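Numbering (the working numbering), first residue to last: 8 to 91.
For each residue, glycine too, the CB sits at the ideal point set by N, CA and C.
The structure displayed is predicted, hence computed values, not measured ones.
Accompanying notes for the structure given below.
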């Protein structure tokens, strides 16, 4: 997720949205100023989370969201903010 996405509560807002949608995974800041995330759950909920990521929280200016679909693995039990 690229643009003005750090320092605008993107990660905590995405975690809250994930809880609302019932999806699991993680979100983290990257050194290049972007934000990365992995989201698992029902396809419709994941798609809604992606739509939210295109807008982000107030203060964010999202320029681009790259999405890579993978096979569902049931790897996560909750949605966390990851740190380096």
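Leaving out the 5 sequence neighbours to the left and right, which residues in its chain are closer than 8 Å to residue 88 when beta-carbon positions are compared?
Closer than 8 Å at the Cβ level, and outside the excluded window around residue 88, lie 18, 19, 22, 33, 34, 35.
Does residue 28 pass the burial test, meaning 16 or more other C-beta atoms within 10 Å, or should it be called exposed?
Flag for residue 28 reads buried.
query = Under a three-way DSSP split, which group does residue 19 fall into?
reply = In the structure shown, residue 19 sits in a helix (DSSP, three-state: H, G or I).
**Study point:** Alpha carbon of residue 109 to alpha carbon of residue 57, nearest angstrom
**Key:** Within the shown structure, residues of the chain are numbered from 8 to 91, placing residue 109 beyond reach of any answer.
Problem - Inter-residue spacing [alpha-carbon to alpha-carbon] between residue 81 and residue 14 - result: One alpha carbon belongs to residue 81, the other to residue 14, and they sit about 30 Å apart.
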